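Asks: Residue numbers (this note's numbering), protein chains in the order written: chain A, 12 to 415; chain B, 12 to 415; chain C, 12 to 415; chain D, 12 to 415.
Even glycine gets a Cβ: it sits at the ideal position worked out from N, Cα and C.
Values in this document were obtained by computation on a predicted structure and should not be read as measured data.
Pasting in a structure now, in structure tokens, and then I'll have a few things to ask.
Number of protein chains: 4
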Amino acid sequence: MDFAYDAKTQDLIGQMEAFMDEVIYPAEPTAHEQIQAAIKDDTWSPPAILKDLQAEAKKRGLWNFFLPGDQGAGLTNLQYAPLAEITGRSIQLAPAAVNCAAPDTGNMEVLHMFGTPEQKKQWLEPLLAGEIRSSFAMTEPKVASSDATNIETAIVKDGDDYVINGRKWWITGAMNPDAKIFIVMGKTDPSADRHRQQSMILVERDTPGFDIERGMHVFGYNDRDHGGHAEISFTDVRVPASNLIGAEGEGFAIAQARLGPGRIHHCMRSLGIAERAVEMMSKRALDRVAFGKPIADQGVVRDWIAESRVRIEQLRLLVLKTAWLMDTAGNRGAHTEIQAIKIATPQTVEWILDKAIQVHGAGGLSQDFPLAEWFAGIRTLRFADGPDEVHKNSLARAELKKHA
Amino acid sequence: MDFAYDAKTQDLIGQMEAFMDEVIYPAEPTAHEQIQAAIKDDTWSPPAILKDLQAEAKKRGLWNFFLPGDQGAGLTNLQYAPLAEITGRSIQLAPAAVNCAAPDTGNMEVLHMFGTPEQKKQWLEPLLAGEIRSSFAMTEPKVASSDATNIETAIVKDGDDYVINGRKWWITGAMNPDAKIFIVMGKTDPSADRHRQQSMILVERDTPGFDIERGMHVFGYNDRDHGGHAEISFTDVRVPASNLIGAEGEGFAIAQARLGPGRIHHCMRSLGIAERAVEMMSKRALDRVAFGKPIADQGVVRDWIAESRVRIEQLRLLVLKTAWLMDTAGNRGAHTEIQAIKIATPQTVEWILDKAIQVHGAGGLSQDFPLAEWFAGIRTLRFADGPDEVHKNSLARAELKKHA
Amino acid sequence: MDFAYDAKTQDLIGQMEAFMDEVIYPAEPTAHEQIQAAIKDDTWSPPAILKDLQAEAKKRGLWNFFLPGDQGAGLTNLQYAPLAEITGRSIQLAPAAVNCAAPDTGNMEVLHMFGTPEQKKQWLEPLLAGEIRSSFAMTEPKVASSDATNIETAIVKDGDDYVINGRKWWITGAMNPDAKIFIVMGKTDPSADRHRQQSMILVERDTPGFDIERGMHVFGYNDRDHGGHAEISFTDVRVPASNLIGAEGEGFAIAQARLGPGRIHHCMRSLGIAERAVEMMSKRALDRVAFGKPIADQGVVRDWIAESRVRIEQLRLLVLKTAWLMDTAGNRGAHTEIQAIKIATPQTVEWILDKAIQVHGAGGLSQDFPLAEWFAGIRTLRFADGPDEVHKNSLARAELKKHA
Amino acid sequence: MDFAYDAKTQDLIGQMEAFMDEVIYPAEPTAHEQIQAAIKDDTWSPPAILKDLQAEAKKRGLWNFFLPGDQGAGLTNLQYAPLAEITGRSIQLAPAAVNCAAPDTGNMEVLHMFGTPEQKKQWLEPLLAGEIRSSFAMTEPKVASSDATNIETAIVKDGDDYVINGRKWWITGAMNPDAKIFIVMGKTDPSADRHRQQSMILVERDTPGFDIERGMHVFGYNDRDHGGHAEISFTDVRVPASNLIGAEGEGFAIAQARLGPGRIHHCMRSLGIAERAVEMMSKRALDRVAFGKPIADQGVVRDWIAESRVRIEQLRLLVLKTAWLMDTAGNRGAHTEIQAIKIATPQTVEWILDKAIQVHGAGGLSQDFPLAEWFAGIRTLRFADGPDEVHKNSLARAELKKHA
């Protein structure tokens with residue numbers, strides 16, 4: 012057992028920290044202004060400055076960390092974890108700047124693992140190059156998203172095409188006009204075995220019958236920085252049969268392969284949010300004077316700061332161990348731990364953000380600080396891929412089995 | 012000791028419930044659309060339907076409950092409490108519909124108690140008639156709002172006028188063009204005793220030098236339904252000396268007189284929010300099926316519902332007792348209890364809203380339900396008139412004194 | 012609605028407070044010594060000083076408050092509530108001193124309501140006079156106590172007698188040799204309807220076949236001050252048929268009639284424990300100096316004290332309202348509220364005791380202060396008459412029904 | 012970074028698990044009876060069966076794991092951690108069986124590091140052989156134990172002797188007659204620098220003037236299994252000068268060296284308690300039927316089990332990382348992490364034990380299960396070496412410094 016990062020990771024951490032200090036943090040005010048302008052103009056492109064950040068990241072070789080092997084940075088999950096955490100410190104800019112933003116990472120992994128050479132050429136390459144963005148359309152408004160087998164969208168073979176009908180929502184990134192390609196999950200064979208009914212298929216943004224209906228809000232935010240969360244309808248959407256990913260009936264298995272890494276990436280980045288919140292809370296507490304002394308001298312504020320540190324340290328180690336398990340025992344071998352961090356992360360980070368907000372006073376809830384928006388984002392993790400309660404139930408079942 | 016509402020209160024509760032069922036709830040979808048349109052058009056008038064609701068309320072005699080005596084409904088705080096709670100069930104519409112919305116209620120009380128006949132004629136009468144709205148400008152961005160003596164805005168006598176310079180923020184209702192009159196707190200004599208430096212003065216919306224700079228967001232919301240929360244600057248704003256409320260140096264005392272009722276009214280209405288959240292949570296739990304049975308059958312969901320009921324019942328009784336104390340022992344005699352409900356209310360209602368959101372799934376955070384917006388509103392109460400931590404500290408000091 | 016105690020109650024509160032100040036508190040050190048000696052000698056009689064306290068209470072007319080009507084003090088539940096709370100402040104002595112201690116109160120109520128004249132003469136009269144004590148034997152080790160219909164003890168008619176076989180545990184007071192009479196619940200007709208199988212019968216302590224097997228511990232305490240909690244076996248215990256309370260099959264109904272008041276009395280007294288804990292916590296915080304200042308100056312300690320006050324105030328009002336409901340709508344009409352206070356009370360008081368202990372340092376867990384023993388007692392309330400989880404489930408069902 | 016135990020550790024884990032299964036668990040019922048008999052007889056020797064367990068452990072080579080180097084098992088802290096955790100599963104027997112029980116471990120470390128050859132021969136050797144036990148006398152009733160510089164006990168040089176006067180309490184293990192030697196901390200020079208006033212000195216049990224006054228209770232337990240917690244007085248206790256450990260003035264430094272490992276050992280063992288509690292809770296939930304189904308099917312119980320797992324996994328990793336830091340950066344380099352686990356451990360384990368108790372019903376609080384006694388033990392950790400609040404304050408200060 013060894014708790015030190017390996018040399019390669021330490022080197023990349025150093026590079027990423029330099030990139031944050033030299034490039035990302037200085038860009039935040041401009042990005043904030045550009046996003047505020049987008050809200051005013053009701054446009055959905057990411058802040059223009061992002062292109063510059065991506066160019067600089069590429070130049071520095073800080074790119075596609077998430078993808079193992081030659082096409083990516085060749086890192087293990089464990090090596091990637093602290094880098095993803097660092098990007099979480101500037102969640103609106105840094106993940107996208109190094110081409111490690113959700114949902115594209117998951118989509119690239121799917122194409123990387125299951126795509127045909129033609130699919131890779133047409134879609135994976137521009138995604139890896141950061142030239143386009145993508146979305147993943149699974150969740151549906153009418154059925155509980157905690158069970159992927161409930162999905163109702165129909166994907167019906169018709170000659171050399173498939174025809175898609177259905178409705179999706181909470182499709183992250185879809186409002187961004189750069190999101191050129193959608194991976195859509197639906198049912199090709201409702202009469203097959205429960206886990207063999209689903210397939211995944213690629214749908215281009217401008218396909219007739221594909222309609223982006225509206226952006227979902229989270230609290231009052233519409234998350235323009237990362238393309239919002241759209242409700243989408245598919246009305247007789249026709250795509251060539253060659254757009255199918257893998258074979259018919261493999262949709263559920265592909266989704267499972269995609270979900271594990273997706274969940275841990277969220278947790279990694281959330282740690283970065285938590286660390287930045289502690290930093291902001293500490294600085295504010297040192298600066299802000301009330302009743303004649305800095306509020307950092309107040310016992311309750313110190314209690315919050317200490318508790319934050321104690322909770323973060325524990326959470327990070329479990330995230331790292333989970334990454335290590337994924338590397339050594341596979342996603343399936345890390346199943347329980349992935350559930351555990353999915354449960355623990357929003358609990359911990361929400362608590363910290365709440366306290367950081369409180370230390371900032373009413374301003375902490377406003378557009379003058381990012382804390383409330385981070386809170387909103389973290390709050391969604393308690394539902395993402397099914398509510399925590401479903402995961403707790405499953406985790407308890409596994410625990411009970413050990414003692415039966 | 013008697014826990015039954017008196018006959019008058021019971022009668023008014025019946026009338027208010029009928030008004031909610033027949034008028035307010037049916038108007039909610041239209042109001043929601045009008046507010047969404049206002050967001051799109053970036054306008055700040057309240058939803059047009061409000062005028063109809065006010066007309067109907069007036070016709071039914073459901074008006075100005077908050078104001079004791081002839082000019083209002085002649086109710087005690089205890090009699091008003093359950094009515095205010097009922098309005099909280101439709102917080103965007105009902106309080107304004109019966110002319111019992113903050114911050115106007117507090118402003119009307121100030122004018123009622125401290126205004127000159129001319130001030131009453133010019134400003135109180137149209138406010139009581141619901142023809143105009145108003146704002147209360149106390150909080151400043153540069154100083155801790157927990158201590159009113161910190162205020163920096165200058166109100167300087169110059170011949171027959173006062174000249175005002177300063178900056179305020181979180182001025183609720185100010186973005187609404189109907190908010191014609193502002194009660195502004197500032198310092199007329201920085202050299203006087205600590206609690207005699209402040210004065211209150213009336214400033215009309217269109218006075219030169221009075222600038223509404225921007226609307227503050229709360230969790231991404233800008234609260235258009237009740238006129239937002241503005242940042243405002245005063246640059247050599249000149250008003251006639253007759254606009255002063257009371258005498259010079261009485262500002263702090265007037266503020267204190269205003270704060271007690273203001274706080275309890277928030278708590279009363281918050282109970283209505285909590286009750287409606289429990290109702291929504293229960294209905295949703297009964298309707299929504301997951302894994303083959305309604306989620307109302309899940310033990311964890313039942314635990315949330317039971318806890319919500321247990322917490323609401325306790326909180327309501329403390330709010331009612333506080334109202335009774337204000338009636339029988341005065342605002343000062345109810346000081347500790349007002350602090351107690353100010354601390355207890357957001358804790359309780361936030362917890363319930365969080366659970367109600369969770370039962371609604373991701374939709375619970377979106378514009379499809381009001382829950383997340385209510386959460387944002389309740390969250391601000393943990394700062395309003397100073398953070399909870401300040402009130403807890405003061406309450407503890409009072410407790411310790413008993414045992415010293 | 013009126014939150015003031017009536018004149019009679021206020022007068023009795025004054026008398027009880029004088030009794031506590033003049034008689035009970037001064038007796039605590041002696042009682043503590045006598046109980047410590049009993050532990051050493053392994054004897055189970057209550058502290059000898061109790062007889063003196065009872066004599067003084069009787070002399071002052073502070074006696075049998077719990078019992079309505081002529082034979083008791085003629086108080087309503089609402090009038091009794093603050094008096095019971097006061098006795099809770101010295102939980103080892105005061106309830107017994109005024110003959111209002113569990114489980115005797117419930118047993119006296121049962122005999123009062125359902126006893127024959129002979130039973131009353133033989134058992135109720137000496138109980139009301141404080142000459143003997145009693146126990147109530149319902150809970151059994153083998154079945155879940157949350158459902159009284161599970162009870163397995165057999166009560167079989169045999170000529171003019173009943174013969175009892177079975178095993179009970181957690182029979183409070185039974186180790187005390189003064190506990191001369193036991194009300195035993197068992198089944199007379201296992202083939203009857205589910206709620207008509209049970210009967211209650213009186214068993215004298217010295218009846219052959221009645222064996223007190225052992226005292227149950229609670230966190231290491233054996234609760235000698237109130238006669239411990241015994242495990243008891245009944246082996247062919249023969250009692251005359253005239254010992255039956257009410258008719259065969261009425262046992263469940265009698266138990267229900269007994270449980271409501273029993274639960275609220277526990278809650279009333281627990282409030283007294285909480286108040287004394289806040290008092291002790293405050294005094295200790297003022298006296299104890301750490302790092303150069305009293306710990307009452309520490310923000311975290313103040314937070315605990317303020318939270319304690321806020322929680323107690325809410326809880327007391329719900330307990331009082333429940334008492335009022337029992338008086339005005341009957342035990343059945345107060346069913347939900349009784350469940351609510353049964354859930355809320357241990358949560359609140361446990362939390363306060365934990366903080367009071369922490370303020371006392373390690374000594375707070377020891378025999379030098381009563382705090383840890385109170386904690387142990389309060390902790391048992393989360394199981395008493397079925398675990399909280401059962402009550403929450405039932406309360407949630409009632410709430411859901413309102414919205415179905 | 013690597014989360015796998017090394018081969019040596021894995022081998023020892025296997026041996027320890029076999030020892031638990033074959034020797035310790037089967038001995039628990041006998042030990043329980045022997046301890047109950049000791050309570051009855053008011054004797055303080057450990058259960059007689061312990062000698063057999065120690066003999067068997069020695070035979071298997073499972074001995075003195077805690078001590079690095081030749082005289083001990085030569086393990087790092089990281090290697091020791093999982094073994095200590097396993098002993099925590101049977102906290103009354105296993106740590107003592109393998110001669111790794113507090114406070115002896117800390118005392119042996121002190122003698123190992125700072126003892127003279129004579130002191131080692133006379134005291135360390137029989138301790139390492141498990142022939143005698145020992146105590147550590149630092150805490151005093153009159154001063155806050157959170158600051159070791161407060162200590163008042165006087166150690167005065169008088170010719171070739173030192174004469175000790177003072178009073179200590181919470182001296183763990185001291186009631187056990189086998190505790191032959193005490194390490195006593197006191198002041199040799201009250202006029203020296205604040206951290207140079209203290210010295211440590213060895214005092215034999217039968218020295219004149221050394222009086223064991225009483226055993227402190229924790230809740231109602233007196234912890235006979237590990238020699239209780241004594242209050243001790245020193246009245247002109249005279250010991251040879253050669254009994255001094257190290258030089259005069261080195262007491263504070265020695266105490267610091269002792270505290271770090273002591274704290275982490277408690278945390279390691281507490282993890283074992285938590286794991287066994289989850290095991291007991293799971294088994295009980297599977298076995299116990301209520302309302303027609305095992306309570307393992309209840310959502311709330313599953314929530315507790317899942318949360319327990321999630322919290323334990325995080326806590327264990329932080330304990331392990333802290334051990335690794337102590338190995339690689341020294342006790343001082345692990346200072347913040349030691350504070351963090353001291354804060355986190357009782358929070359986590361108390362919560363789990365509370366839930367395990369609740370699943371066991373009232374029996375869970377009684378002598379029929381060890382859960383309540385474990386709870387009592389864990390509760391003391393929130394005070395041990397100063398209350399958590401002091402450690403949180405210090406940890407927060409360290410965090411704030413990073414951002415100043």
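Does the distance from the C-beta atom of residue 425 of chain B to that of residue 25 of chain B stay below 8 Å?
Replies: Because chain B spans 12 through 415 in this model, residue 425 of chain B falls outside it and cannot be assessed.
Asks: By the DSSP assignment, the alpha helix (DSSP H) with residue 438 of chain B in it spans what residues?
Replies: Lying outside 12 to 415, the shown extent of chain B, residue 438 of chain B is not represented and no answer is given.
Asks: Excluding the 5 residues preceding and the 5 following residue 183 of chain C in the sequence, name in chain order all residues of the same chain whose CB lies nearer than 6 Å to its CB.
Replies: Closer than 6 Å at Cβ, skipping near neighbours: 114, 240.
Asks: Using a Cβ-Cβ distance cut-off of 8 Å, determine whether residue 377 of chain C contacts chain D.
Replies: Judged by the 8 Å Cβ criterion, residue 377 of chain C is in contact with chain D.
Asks: Could you tell me whether any Cβ in chain D is nearer than 8 Å to the Cβ of residue 311 of chain B?
Replies: Answer yes: the Cβ-Cβ gap between residue 311 of chain B and chain D drops below 8 Å somewhere.
Asks: From the beta carbon of residue 290 of chain A, is the nearest beta carbon of chain D less than 8 Å away?
Replies: Yes, residue 290 of chain A lies at the interface with chain D (some Cβ there is under 8 Å from its Cβ).
Asks: Buried or exposed, going by whether 16 or more other CB atoms sit within 10 Å of the CB of residue 40 of chain C?
Replies: Its Cβ having fewer than 16 others within 10 Å, residue 40 of chain C is exposed.
Asks: I'd like to know if residue 369 of chain B contacts chain A, where contact means its C-beta is closer than 8 Å to some C-beta of that chain.
Replies: Yes - at least one Cβ of chain A is within 8 Å of the one on residue 369 of chain B.
Asks: Comparing the CB of residue 204 of chain C with every heavy atom of the ligand MG, is any distance shorter than 7 Å?
Replies: Ligands displayed in this structure: none; no statement on the ligand MG is therefore possible.
Asks: Which of the three DSSP states is assigned to residue 123 of chain A in this structure?
Replies: Residue 123 of chain A: helix per DSSP, three-state reduction.
Asks: Between the region 68 to 80 of chain A and the region 119 to 139 of chain A, do three or more beta carbon pairs fall short of 8 Å?
Replies: Segments in contact, yes.
Asks: Measuring only the C-alpha atoms, how far is residue 69 of chain C from residue 387 of chain D?
Replies: Distance between the alpha carbons of residue 69 of chain C and residue 387 of chain D is about 39 Å.
Asks: Kindly list the residues whose CB is nearer than 8 Å to the CB of residue 390 of chain A, restricted to its own chain and excluding five residues on each side of it in sequence; keep chain order.
Replies: So the qualifying residues of the chain are 229, 230, 357, 361.
Asks: Specify whether the region 394 to 408 of chain D and the region 362 to 378 of chain C touch according to this definition: at least 3 beta carbon pairs, one from each stretch, less than 8 Å apart.
Replies: Judged by Cβ distances under 8 Å, the region 394 to 408 of chain D makes contact with the region 362 to 378 of chain C, as three or more pairs qualify.
Asks: Within 10 angstroms of its Cβ, does residue 302 of chain B collect 16 or more other Cβ (buried), or is it exposed?
Replies: So residue 302 of chain B counts as exposed.
Asks: Where do the ends of the beta strand (DSSP E) carrying residue 213 of chain D lie?
Replies: Per DSSP, residue 213 of chain D belongs to the beta strand (DSSP E) from 209 to 215.
Asks: With a cut-off of 8 Å on the beta carbons, I'd call residue 151 of chain C and residue 166 of chain C a contact; round off their distance for me.
Replies: Not a contact, Cβ separation roughly 13 Å.
Asks: Below 6 Å CB to CB, which residues in the same chain sit around residue 87 of chain D once its five sequence neighbours on both sides are set aside?
Replies: Counting only Cβ-Cβ distances below 6 Å, and skipping sequence neighbours, we find 338.
Asks: Check each residue of the region 293 to 318 of chain D: if its Cβ is closer than 7 Å to any Cβ of chain B, include it; give the result in chain order.
Replies: Flagged, chain order: 309, 310, 311, 314.
Asks: Against chain C, which members of the region 27 to 58 of chain B pass a CB distance test of less than 9 Å?
Replies: So nothing in the stretch comes that close.
Asks: Quick one: is residue 21 of chain B buried, meaning 16 or more other Cβ sit within 10 Å of its Cβ, or exposed?
Replies: Exposed: under 16 other Cβ atoms inside 10 Å.
Asks: Using a C-beta cutoff of 8 Å, does residue 406 of chain D count as contacting chain A?
Replies: True, the Cβ-Cβ gap to chain A drops below 8 Å.
Asks: For a contact defined as C-beta to C-beta under 9 Å, what are the partners of residue 321 of chain D on chain A?
Replies: Chain A residues near residue 321 of chain D: 329, 350, 351, 352, 354, 355, 358, 403, 406.
Asks: When the cut-off is 8 Å and only beta carbons count, does residue 181 of chain A lie next to chain B?
Replies: Taking Cβ atoms only, chain B reaches closer than 8 Å to residue 181 of chain A, which makes this a yes.
Asks: By Cβ distance below 8 Å, which residues in the same chain neighbour residue 49 of chain B in space, the five residues on each side in sequence not counted?
Replies: Hits under 8 Å: 55, 56, 58, 235.
Asks: Given this structure, state the Cα-to-Cα distance separating residue 263 of chain D from residue 327 of chain D, to the nearest angstrom.
Replies: Their backbone Cα atoms lie some 30 Å apart in a straight line.
Asks: For the beta strand (DSSP E) containing residue 148 of chain D, list its first residue and its last residue.
Replies: Looking at the DSSP string, the run of the beta strand (DSSP E) that includes residue 148 of chain D is 144 to 148.
Asks: Note down, in chain order, every chain A residue with its Cβ under 9 Å from the Cβ of residue 391 of chain B.
Replies: Those are 373, 376, listed as they occur along chain A.
Asks: Can you list the beta strand (DSSP E) stretches of 3 or more residues lying completely in the region 164 to 229 of chain A, in chain order?
Replies: Those beta strand (DSSP E) runs which fall completely within the region 164 to 229 of chain A and span 3+ residues are 165 to 169, 172 to 183, 190 to 198, 209 to 215, 221 to 226.
Asks: Assuming residue 105 of chain D and residue 35 of chain D form a contact by the criterion Cβ under 8 Å, report the distance between their Cβ atoms to the nearest whole angstrom.
Replies: Correct: roughly 5 Å between the Cβ atoms.
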